[in-house]
Amino acid sequence: FYPIFYQTYLSFHEYTLYTTIPKFVGISNYLTVVRDPIFLTAFKNALVWTFLSVVFQIGLGLGVALLLNKPSLAGYRIFRSLSLLPFVLPPVAIAVTWKWMYNPLYGLLNYIIISMGGQPINFLSRKLALYSVTWVNIWKAFPFYALFILAGLQSIPKEIYEAARMDGANTIAIFRYITFPLLRSIMLIMSLFATVWTFNYFDLIYAMTQGGPGHATEILATLAYKNVFLKLRFDYAATIGVYMFLINMFLVIGILTLSRRERS
């Protein structure tokens, strides 16, 4: 609890590397932060980054889990093990690899595009950088959620499916009325964790773009880091951290409210 209270304490004071004694300034830091256009840009980027990441991580995880839910599939166990590789690789190694693949001059993706007669694309330009980095985050994490959904699929009694098929239900109807409703609770829980993890994520974006170009991939975590270690504004960074805490609480309460409604 000490770091939480100390961060809150700093957010109400003026405190930099050159400040000997923190000076109480009330809510001045909070007003300064919300008026900062860079903070507003980072907040908007964080929402886009989090929303796209969570939706596609859970969506792709569900699709892969449905494919893997067939033990008769050739190489089932091998493929299930290999699917976890993106999740267990270090984020910095992933960032370096994808940054090379995205390179407009010698990257693998542009090599393929040029060989097919297309024009090279700067995936880390101001317009595309946020979506390019978001895709790397999706690619990294969706196998983790796929395994959790797969566990949920395998816990559904097979008798329910057999009864539905005997009643004439097709594959789409079985998924809509049986599989998805029974998986909804676990998917809401995973969405909760994915939202908090993604909103606070730092490593991947900073290793790939450092929040650039021109703050195009700046999120609240990278902005707080820069204010601490580059600008030495401990009070400003602490205020951003408190805002992140409040936003996380809002997101968590919203998802938990949805979860309670589903259970009821």
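The sequence shown begins at -13 in our numbering and counts up one residue at a time. C-beta: ideal position from N, C-alpha, C; glycine also.
For Leu139, which residues from the same chain have a beta carbon less than 8 angstroms from its beta carbon, with the 5 sequence-adjacent residues on both sides left out? Ala51, Leu52, Asn55, Thr165, Leu169
Using the beta-carbon count (16 or more within 10 Å), is Pro(-11) buried or exposed? exposed
Measuring from the CB of Tyr16, is there a heavy atom of the ligand PLP at a distance below 6 angstroms? Only the bare structure without any ligand can be found here, which leaves the ligand PLP out of the picture.
Please state whether the Cβ-Cβ distance between Ala132 and Gly47 is less than 7 angstroms. yes
Any chance the segment 146 to 159 sits against the segment 11 to 31, with 3 or more Cβ pairs inside 8 angstroms? No, the segment 146 to 159 does not touch the segment 11 to 31.
Using three-state DSSP, classify Glu204 as helix, strand or coil. Of the three classes helix, strand and coil, the one that applies to Glu204 here is coil, per DSSP.
Grab me the residues of Phe73's own chain with a C-beta within less than 7 angstroms of its C-beta, minus the 5 sequence neighbours each way, in chain order. Lys126, Ala127, Pro129, Phe130
Within a Cβ cutoff of 8 angstroms, which residues of the same chain sit near Pro26, ignoring the five residues on either side of it in sequence? It is Leu, not Pro, that sits at residue 26 in the sequence shown. Excluding residues within five positions, the ones whose Cβ falls inside 8 angstroms are Val20.
Can Asn31 and Leu116 be called in contact, C-beta distance under 7 angstroms? Yes, they are a contact pair.
Spatial neighbours of Leu218 within its chain, please: C-beta separation below 6 angstroms, excluding the five flanking residues on both sides. Thr2, Leu3
Quick check: Thr184 and Val40, are their CB atoms within less than 7 angstroms of each other? yes
On the premise that Ala81 lies in contact with Arg190, defined as a C-beta separation below 8 angstroms, what is that separation, rounded to the nearest angstrom? Per the sequence presented here, residue 190 reads as Leu, with Arg not at that position. Sure, about 5 angstroms apart at Cβ, within 8 angstroms.
Residue of Glu0, Phe(-13), Phe(-9) minimising C-alpha distance to Phe220: Glu0
Run through DSSP, which three-state label would Lys9 get? strand
Assuming Tyr222 contacts Phe188 (C-beta within less than 8 angstroms), just tell me the rounded distance between them. Contact doesn't hold; Cβ gap of about 17 angstroms is too wide.
Please identify the residue among Met230, Lys9, Ala149, Met87 whose C-alpha is closest to the C-alpha of Val207. Before going further, note that residue 207 is Ala rather than Val in the sequence given. Of Met230, Lys9, Ala149, Met87, the residue nearest in Cα terms is Met230.
Just verifying my parser: in three-state terms, what is the DSSP assignment at Thr184? It is helical.
At the level of alpha carbons, what is the spacing between Leu38 and Tyr97? Between Leu38 and Tyr97, the C-alpha separation is close to 27 angstroms.
What residue from Ile142, Ile172, Thr83, Asn234 has the CA that sits closest to Val119's CA? Of Ile142, Ile172, Thr83, Asn234, the residue nearest in Cα terms is Thr83.
Taking all protein chains shown into account, do 16 or more other C-beta atoms lie within 10 angstroms of the C-beta of Val122, making it buried, or fewer, making it exposed? buried
Cβ atoms of Ile44 and Ser141: under 7 angstroms apart, would you say? In this structure, the beta-carbon distance from Ser141 to Ile44 does not fall below 7 angstroms.
State buried or exposed for Phe29, treating a residue as buried only when at least 16 other CB atoms are found within 10 Å of its CB. Counting the other CB atoms within 10 Å of its CB gives Phe29 a total of 16 or more, which places it among the buried residues.
For the alpha helix (DSSP H) containing Asn96, name the first residue and the last one. Asn96: member of the alpha helix (DSSP H) spanning 94 to 101, first to last residue.
Own chain residues within Cβ distance below 8 angstroms of Ile124, not counting five before or after: Around Ile124: Leu38, Ser39, Phe42, Gln43, Leu46.
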